[in-house]
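Novice:
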Amino acid sequence: MASNRNELHAKLQELEDRVHLATSSSEHSDSAKQEALRQLEQWRSEAKRENAFRTRLETELKNRDSKLSRLESELMKLTSSNEDLRRQLEVSMAFSRPGTVPERGTAAAPLGAPTTPTSRCGRCEAFQSRIHDLETMEIQTSADKSRLESQYKTYVSEMETQVKNLRGEVETANTRSETLQRSLDELRRQLTLKDSELTKAVSEFERLKSQLQLQESTVKSADPPPVTDKAILESVMYKDLELTANALRSKVNELSTRLSETEESLSVAEARLGDREEVLAKANSERTALSRAMDQNAKLKDQLTALHDALEHVNKENSEAQTALAKLQASAEETVDLRKKCERLEAELAAVRLETTSKSPLEDELRASLAAADARSQALAQQVDALRACEAELVAARAECAALRAALEKAERECAMKADALVVGEAEPKAGPAPPIGLDEGKVEVETLRQAVQDSDNKGAAGGSP
């Protein structure tokens, strides 16, 4: 009987130890459940923050796309404007070259009013300011691109780190879940053993109770033996055993309740673990979206590089156009003097055109009239040379005429002297033999000199009039 009681006490102590172990395991599972809930809330907040950052990044990418499209349209407009400016420069250079004739159907610039490059310079300044604005915008776009790329790389690295941490935490949670599942299985096994032991203890208790009742009935039927200390001790131990059995039943019920609560918590944790897997799947989808965004960013980078190259090409063409414009301005300054000379020639050509019989606005007739005017100017030059030669001859003839006049006057004086001498000779016939007087010869000489002077005058008059 004492050995049975000792075994019962040992079993009760073992049951109490197992109940204490189960209680500590349930408390540990509660703390693990709270930790898992806290981590799940933290992951949800991180997922919300990542979604907000991804939305902001997508908005910035859309703004970047719109800005790139606007830059492309502005670049196309600038290219067309540069083409127009280049054509205008070519036309202006064609008109500014001396000796060039505009083609048929092209509006010719008036000769009397030289064109000034003020309007073209104004357009060039507008283009230069526009190009400066585009360069500033391109620099700002490059800075924004580098900033977005750095932010994007930082975000991708953070996302990879977070995904890696989430995977580690999921693995840890799976390990803890497996550990909890093993602990739960162990608790269930221990509970089954405790139930079997409790059943055995109850059956043993019922057997002992029936034996005691049988002994009491036999004692009651016989003479009542004296109450001994052993009987009192057995009754006290019986009451203690009954109280211990009741306490053990209550603990078993409490352990069953905690086990059911632990199973419910485990099911909730498994459901939340499913939510965690859903969060991981969402994170993987976001990572895929981020990879697509990276590809799109690479395409945008290529487009921006092409746009930058096109802008450099346009800047190069613009610098060439500015150089050509500077040359054109220098040639325009040179053509101012040429235009003044052309105005003088036009005045002379206007006098020549007045003498022409027919006028035509056509180019061939104009060229013919210009050729005729050139021929006439050459003839005029030849006539001027002839006039200069005639003037030289006239000067020589006048000098000769003056000499002849002097000789004529001298001859006339001699004739007069001879006539006077002749008169004196007739008045004094007896004075002696008179010298021979050549009066007729003097008259002939005078007439010859007069004829020479008249011929010289006629020659000078003929040389003076072309």
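With the UniProt record's numbering, letter number 408 in the sequence shown gets 408, and the count goes up by one each step, no holes.
Where a beta carbon is used, it is the ideal one built from N, C-alpha and C, also for glycine.
1. Do you know how far the Cα of Ala293 is from the Cα of residue 468?
2. If you count every other CB in all the chains shown that lies within 10 Å of the CB of Lys194, and 16 or more means buried, which is it?
3. On the criterion of 16 or more Cβ atoms from any shown chain inside 10 Å, does Ala350 qualify as buried, or is it exposed?
4. State the CB to CB distance for the pair Gln151 and Glu46, rounded to an integer number of angstroms; the pair is presumed to be in contact (CB under 8 angstroms).
5. Counting only the same chain and skipping the five closest in sequence on each side, list residues whose C-beta sits under 7 angstroms from that of Phe53.
6. Could you say which of Ala324, Ala373, Gln190, Ala281 lies nearest to Glu346 if we only look at CA atoms?
7. Leaving out the 5 sequence neighbours to the left and right, which residues in its chain are closer than 7 angstroms to Thr106 when beta-carbon positions are compared?
8. Would the segment 307-319 count as touching the segment 70-89 if we require 3 or more Cβ pairs under 8 angstroms?
9. What is the rounded straight-line gap between the Cα of Thr288 and the Cα of Leu280?
10. I'd like to check one pair, Ile131 with Asn318: are the Cβ atoms closer than 7 angstroms?
11. Check whether the segment 290-304 touches the segment 52-70, taking contact to mean three or more Cβ pairs, one atom from each stretch, closer than 8 angstroms.
12. Around the C-beta of Ala371, are 16 or more other C-beta atoms found within 10 angstroms, so that it is buried, or is it exposed?
13. Let me make sure I understand the geometry here. Which of Ser217, Ala271, Glu206 has the alpha-carbon closest to that of Ala245?
14. Taking just the CA atoms, how far does Glu400 sit from Pro436?
15. Measure the C-alpha to C-alpha separation of Met159 and Leu40 and round it to an integer number of angstroms.
16. Can you tell me whether Thr218 is buried or exposed? The criterion is at least 16 other CB atoms within 10 Å of its CB, across all chains shown.
17. CA-CA distance, Thr55 and Glu278?
18. Quick one: which unbroken beta strand (DSSP E) runs of 3-plus residues sit fully inside the segment 146-223? Chain order, please.
19. Just to confirm, is the Cβ distance from Arg86 to Ala330 under 7 angstroms?
Specialist: Quick answer:
1. As shown, the chain starts at 1 and ends at 466. That puts residue 468 outside it, with no answer to give.
2. With 16 or more Cβ atoms within 10 Å of its Cβ, Lys194 is classed as buried.
3. Exposed: under 16 other Cβ atoms inside 10 Å.
4. Not confirmed; about 18 angstroms, so no contact.
5. By the criterion of a C-beta distance shorter than 7 angstroms, Phe53 is surrounded in its chain by Tyr155, once the five residues flanking it on both sides are discounted.
6. Looking only at Ala324, Ala373, Gln190, Ala281, the smallest Cα-Cα distance to Glu346 is reached by Ala373.
7. Interpretation of Thr106 is limited by its pLDDT of 45, a score under 50 that renders its predicted location unreliable; the figure taken from the coordinates is listed afterwards. Counting only Cβ-Cβ distances below 7 angstroms, and skipping sequence neighbours, we find nothing.
8. In short, these stretches touch, since the Cβ pair count reaches three.
9. Rounded to the nearest whole angstrom, the C-alpha separation of Thr288 and Leu280 is 12 angstroms.
10. Taking the C-beta atoms as reference points, Ile131 is found nearer than 7 angstroms to Asn318.
11. Taking one beta carbon from each stretch, the segment 290-304 and the segment 52-70 have 3 or more pairs nearer than 8 angstroms; the two touch.
12. Counting C-beta atoms within 10 angstroms of its own C-beta, Ala371 has fewer than 16 neighbours from the protein chains shown and is therefore classed as exposed.
13. Residue Glu206 holds the alpha-carbon nearest to the alpha-carbon of Ala245 among Ser217, Ala271, Glu206.
14. Any answer about Pro436 is weak, because its pLDDT of 43 lies below 50 and its placement is not dependable; what the coordinates show is given next. Approximately 32 angstroms between the Cα atoms of the pair.
15. Their Cα atoms are separated by approximately 17 angstroms.
16. Thr218 should be labelled exposed.
17. If you take the alpha carbons of Thr55 and Glu278, they lie about 20 angstroms apart.
18. Here no run is fully enclosed.
19. One thing to note: Arg86 has its Cβ no nearer than 7 angstroms to the Cβ of Ala330.
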